[in-house]
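Colleague:
There are 2 protein chains.
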Amino acid sequence: MASTAKIVVLVLDGLGGLPREEGGKTELETAFTPNLDALAAKGMVGLINPVGPGITPGSGPAHLALFGYDPVRYQIGRGVLEALGIGFDLKDRDVAARANFATVDAQGLVSDRRAGRLATEKCIELCGLLRRIKLEDVELFVEPVKEHRFVVVFRGSDLSDHLTESDPQKVGLPPGEVRATRPKSARTARIVNEFVRQAHEILANHHPANAVLLRGFAQHPKLPTIPEIYGLQAAAIAVYPMYRGLAKLAGMSILATGTTVADEFATLAEHYASYDYFFIHVKGTDTAGEDGDFARKVRVIEEVDAELPTLLQLNPDVVVVTGDHSTPALLRRDTQLPTLLKLNPDVVVVTGDHSTPALLRSHSWHPVPFLLSSRWCRADAAREFGETACASGSLGTFPAVNIMGLALANALRLTKFGA
Amino acid sequence: MASTAKIVVLVLDGLGGLPREEGGKTELETAFTPNLDALAAKGMVGLINPVGPGITPGSGPAHLALFGYDPVRYQIGRGVLEALGIGFDLKDRDVAARANFATVDAQGLVSDRRAGRLATEKCIELCGLLRRIKLEDVELFVEPVKEHRFVVVFRGSDLSDHLTESDPQKVGLPPGEVRATRPKSARTARIVNEFVRQAHEILANHHPANAVLLRGFAQHPKLPTIPEIYGLQAAAIAVYPMYRGLAKLAGMSILATGTTVADEFATLAEHYASYDYFFIHVKGTDTAGEDGDFARKVRVIEEVDAELPTLLQLNPDVVVVTGDHSTPALLRRDTQLPTLLKLNPDVVVVTGDHSTPALLRSHSWHPVPFLLSSRWCRADAAREFGETACASGSLGTFPAVNIMGLALANALRLTKFGA
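Same order as they appear, the protein sequences are chains Y and P. Numbers 1 to 419, taken from our numbering, label the letters of the first sequence in order. Numbers 1 to 419, taken from our numbering, label the letters of the second sequence in order.
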């Protein structure tokens with residue numbers, strides 16, 4: 001492990017897509033990406049299955065797989081993910097839960113699990129009221145998320161997350177009593193039920209938000225970290241809290257950055273000397289996909305492509321511009337930047353955590369385009385970065401959990417197995 | 001799981017093949033299949049390994065894999081398979097065995113394990129004699145299969161299949177005493193040995209069929225069923241009992257049908273509204289392969305292709321007819337049928353359970369052509385359905401056990417894994 005080679009993993013969230021009409025091009029194939037295409041020509045491509053064939057992954061398992069964790073073995077509870085999503089600084093023994101404001105009727109039966117999707121401002125106000133609740137030997141955090149959704153975190157010694165949910169998951173039933181599913185969670189169950197009791201007293205006159213429903217009780221998963229496993233100093237550059245949180249679980253340092261893709265690349269350049277492994281997360285592709293906005297997803301991909309010359313000395317082929325591409329002005333950046341500014345990491349990976357086709361407006365199961373370039377990779381025939389080219393790539397379709405090993409190998413950071 | 005999308009899985013038994021001469025075409029590639037080719041152009045293709053690379057599967061494991069069961073984890077005993085093969089209505093606690101009529105010499109040593117491959121008519125007659133055997137508290141079924149082969153089923157309470165075999169598997173040894181390999185099978189062992197003792201008394205004067213050899217003792221495997229696991233109402237359309245039996249083990253309803261491929265498609269149309277998932281089994285491809293009849297296997301594939309317009313609205317490209325194809329008259333069916341008759345299922349899978357190249361006259365290990373078409377699949381570059389096209393398909397070569405997940409995903413019938 002004497003290698004000092006650097007690895008940059010660039011993740012475009014929800015990168016994989018679908019053509020709008022049969023026989024058409026996907027978002028990535030439509031985008032004008034001379035730099036990504038040049039990188040594909042130097043490297044090798046394939047498709048990744050984040051969790052497994054046909055499985056649509058959530059952000060949690062999808063990122064764990066990119067970081068080298070088997071996403072079926074290492075599962076992160078929903079309460080923890082929700083806390084990470086709002087940037088809550090979760091401690092080791094905290095128990096976190098996803099919570100809803102809900103409506104119960106005069107008989108105490110749930111009539112609306114989302115309290116009419118109340119306004120986020122109202123959620124913030126009601127969370128403020130619930131913070132008044134006092135619990136024996138336990139510190140309480142009540143944090144708004146969005147509309148009817150909030151997070152509850154219980155902090156204290158000897159708490160445990162083996163608990164049933166209070167959310168009955170359908171209307172016409174009362175909120176459930178929380179029960180311990182293992183003896184060591186008995187005290188935590190009492191504390192949670194006391195929280196719910198006091199919450200219902202406080203909310204009694206706040207119809208339609210006159211009840212709370214809790215689910216996904218979870219504690220910080222104890223993952224072996226990237227520095228421990230691989231001896232890598234790893235850093236994460238992400239605008240959104242969820243992805244910083246996931247990277248932190250994996251043992252990465254979280255680098256402060258701005259709000260744009262350009263900010264993220266600038267942050268990379270600034271800290272380039274201090275780490276071996278960088279995870280850069282771009283959110284805009286997923287958001288555009290979820291909004292069903294094919295053209296915006298194309299533009300975000302082009303924006304990322306335009307930043308690549310910061311990272312790499314690339315010599316894109318002359319590209320004939322066709323269709324609904326943006327202008328090829330992007331190309332000029334490369335020639336304008338002095339070569340000394342190129343970081344030229346030893347291994348560059350470009351991929352997504354999952355597919356989010358604008359056509360489906362949601363995460364999907366489709367395998368995700370993957371690209372790895374390094375001096376030591378065995379380049380394949382791919383000359384562009386897109387779903388069709390990746391489907392013929394030399395890497396084939398493979399589990400995302402293998403990416404970390406491939407990246408380390410191409411950084412000459414792995415020793416021989418066996419003698 | 002709110003989706004009501006329908007899935008049709010069309011299995012051409014032993015579909016995969018080999019060219020007759022180096023550089024030639026396989027059976028599937030030789031067949032004139034404008035409809036399958038049009039379907040391949042709309043969908044994505046690949047090759048499946050039913051059990052694993054290099055493994056030649058029997059019909060049992062090959063079909064379990066197609067139905068989503070790990071064929072190594074879920075194994076079906078030979079006695080059960082033999083009973084399914086003759087359409088015997090096996091009950092939950094029955095113990096079934098494969099049996100041979102055999103010849104023993106004056107010293108009681110086996111001299112011919114197959115009693116000179118006696119005529120099937122003789123087998124039927126001798127099975128009739130063995131039905132006279134009376135056993136304590138156990139109902140006995142003795143059912144002829146073919147030539148020297150028959151099935152014995154023991155029905156009673158508290159029977160168990162952990163038993164050694166009476167078949168010594170070679171000549172010059174006596175039939176073995178059946179022993180229990182677990183204590184709970186002790187009584188069953190006594191019953192089976194009593195059956196053998198009485199059988200040998202009855203057969204004493206029926207040389208060369210003067211003994212029986214029993215092996216493959218097995219009980220009905222308790223598989224979790226497709227309705228239980230996937231919430232699918234599943235139906236099977238198959239002419240041969242073995243495949244109906246396998247489908248029944250997986251929890252499918254068995255639909256009565258006729259004897260031809262056209263009958264099977266008519267049965268599909270008739271019951272289309274009542275189920276979510278249809279397994280259609282075509283036997284002729286395998287039989288032709290086992291007979292070494294390349295041309296007949298080609299014709300069966302063409303017969304299936306000609307039925308596809310019942311299922312789907314396809315617009316085959318204009319096809320140049322070359323080589324030893326049948327006439328392109330098949331194409332005209334599509335334009336003759338009113339569009340209203342098209343079923344147009346949301347997901348169509350066409351594949352085989354294993355390869356049976358006419359060249360080898362037997363099941364083989366070769367990966368099997370696979371095709372999946374759906375509005376939500378990411379179509380690949382394949383423009384025809386054949387071994388060579390499938391080898392370059394975007395699905396690559398993958399385990400058959402993944403098919404069910406892929407089909408469900410493309411029917412939008414799966415929820416997200418993790419958050």
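Every residue, glycine too, gets a C-beta built ideally from N, C-alpha and C.
Checking the sheet assignment: what are the DSSP bridge partners for residue 264 of chain P?
Modeller: DSSP output for residue 264 of chain P lists no bridge partner at all.
Colleague: Between the Cα of residue 134 of chain P and those of P:239, P:344 and P:202, spot the shortest distance and give me the residue it belongs to.
Modeller: Nearest Cα to residue 134 of chain P within the set P:239, P:344 and P:202: P:202.
Colleague: Just list the beta strand (DSSP E) runs in the region 110 to 155 of chain Y, keeping only unbroken ones of 3 residues or longer that don't cross its boundaries, in chain order.
Modeller: 110 to 112, 139 to 146 and 149 to 155
Colleague: Which same chain residues end up closer than 8 angstroms to residue 39 of chain P when comparing Cβ atoms and leaving out the 5 residues on each side of it in sequence?
Modeller: 308, 312, 314, 348, 350, 371, 373 and 385
Colleague: Looking only at its chain, what residues have a beta carbon closer than 8 angstroms to the beta carbon of residue 109 of chain P, apart from the 5 residues adjacent to it on each side?
Modeller: 171, 172, 173 and 174
Colleague: Please list, in chain order, all residues of the same chain as residue 159 of chain Y whose beta carbon is under 7 angstroms from its beta carbon, the five residues on each side excluded.
Modeller: Answer for residue 159 of chain Y: 93, 95 and 188, listed in chain order.
Colleague: To the nearest angstrom, how far is it from the Cα of residue 287 of chain Y to the Cα of residue 358 of chain Y?
Modeller: 9 angstroms
Colleague: The beta strand (DSSP E) spanning residue 219 of chain Y covers which residue range?
Modeller: 211 to 219
Colleague: Going by DSSP, which residues form a beta bridge with residue 296 of chain P?
Modeller: Its beta-bridge partners do not exist; DSSP assigns none.
Colleague: What residue does the beta strand (DSSP E) around residue 394 of chain Y start on, and which one ends it?
Modeller: Here residue 394 of chain Y belongs to no beta strand (DSSP E), and DSSP marks it neither H nor E.
Colleague: Looking at the unbroken alpha helix (DSSP H) that takes in residue 74 of chain P, where does it start and where does it end?
Modeller: First-last for residue 74 of chain P: undefined, no H or E at that position.
Colleague: What in chain Y is Cβ-close to residue 294 of chain P, meaning under 8 angstroms?
Modeller: Those do not exist, as residue 294 of chain P stays about 31 angstroms from chain Y at its closest Cβ, beyond 8 angstroms.
Colleague: Using a Cβ-Cβ cutoff of 8 angstroms, what residues of the region 74 to 106 of chain Y are near chain P? List them in chain order.
Modeller: 75, 76, 78, 81 and 82
Colleague: Interface residues of chain Y around residue 380 of chain P at Cβ under 8 angstroms?
Modeller: 388 and 391
Colleague: Taking only the alpha-carbon atoms, compute the straight-line gap between residue 256 of chain Y and residue 237 of chain Y and give it to the nearest angstrom.
Modeller: 7 angstroms
Colleague: Identify, in the order they occur along the chain, each residue of the same chain with its Cβ nearer than 7 angstroms to the Cβ of residue 301 of chain Y, setting aside the five sequence neighbours on each side.
Modeller: 12, 27, 28, 31, 33 and 285
Colleague: Residue 313 of chain Y CB to nearest chain P CB: under 8 angstroms?
Modeller: no
Colleague: Taking residue 84 of chain Y as the reference, give the member of Y:74, Y:97, Y:73 and Y:72 with the closest Cα.
Modeller: It is Y:97.
Colleague: Among residues of its own chain, excluding the 5 on either side of residue 303 of chain P, which ones have a beta-carbon nearer than 6 angstroms to its beta-carbon?
Modeller: 261
Colleague: Return the Cβ separation of residue 199 of chain P and residue 223 of chain P in integer angstroms, given the expectation that the two are a contact with Cβ distance under 8 angstroms.
Modeller: Actually they are not in contact, since the Cβ atoms of residue 199 of chain P and residue 223 of chain P sit about 32 angstroms apart, beyond 8 angstroms.
Colleague: Quick one: what does DSSP say residue 271 of chain P is sitting in, helix, strand or coil?
Modeller: When DSSP states are grouped into helix, strand and coil, residue 271 of chain P belongs to the helix group.
Colleague: Tell me the rounded alpha-carbon separation between residue 399 of chain P and residue 228 of chain Y.
Modeller: 34 angstroms
Colleague: Could you tell me which chain P residues have their CB closer than 9 angstroms to the CB of residue 11 of chain Y, listed as they occur along the chain?
Modeller: The premise fails here: residue 11 of chain Y is roughly 16 angstroms from chain P at the closest Cβ pair, so nothing lies under 9 angstroms.
Colleague: Please determine, among P:295, P:276 and P:210, the residue with the shortest C-alpha to C-alpha distance to residue 105 of chain P.
Modeller: P:210
Colleague: Give a yes or no on whether the minimum CB-CB distance between residue 344 of chain P and chain Y is below 8 angstroms.
Modeller: no
Colleague: Straight-line CA distance for residue 235 of chain P to residue 217 of chain P?
Modeller: 28 angstroms
Colleague: So that I know if they touch, is there some Cβ in chain B lying closer than 8 angstroms to that of residue 159 of chain P?
Modeller: Here chain B cannot be found, since the structure's protein chains are Y and P.
Colleague: In the DSSP assignment, what residue or residues form a beta bridge with residue 49 of chain Y?
Modeller: Y:399
Colleague: Please classify residue 219 of chain Y: is it buried, with 16 or more other beta-carbons within 10 angstroms of its beta-carbon, or exposed?
Modeller: By the beta-carbon neighbour count (other beta carbons within 10 angstroms, threshold 16), residue 219 of chain Y is buried.
Colleague: Could you work out which residues of chain P lie near residue 52 of chain Y, taking near to mean beta carbons separated by less than 9 angstroms?
Modeller: 402, 405 and 417
Colleague: Give the list of continuous alpha helix (DSSP H) stretches no shorter than 4 residues that lie fully inside the region 155 to 208 of chain Y.
Modeller: 186 to 203
Colleague: Cutting at 7 angstroms between CB atoms, please list the residues of its own chain near residue 19 of chain Y, excluding the five before and the five after it.
Modeller: For residue 19 of chain Y, where only same-chain residues beyond five positions count, the Cβ hits under 7 angstroms are 25 and 26.
Colleague: So, for residue 337 of chain Y: in the same chain, excluding its five sequence neighbours on each side, which residues have a beta-carbon less than 8 angstroms away from its beta-carbon?
Modeller: With a pLDDT of only 41 at residue 337 of chain Y, under the threshold of 50, the placement of this residue in the model should not be trusted; the figure read from the coordinates follows. Result list for residue 337 of chain Y: 309 and 310, in chain order.
Colleague: Determine, for residue 396 of chain P, whether the minimum Cβ-Cβ distance to residues of chain Y falls below 8 angstroms.
Modeller: yes
Colleague: Helix, strand or coil, according to DSSP, for residue 312 of chain Y in the structure here?
Modeller: Coil, per DSSP.
Colleague: Out of Y:66, Y:376, Y:6 and Y:294, state which residue places its alpha-carbon closest to the alpha-carbon of residue 356 of chain Y.
Modeller: Y:294
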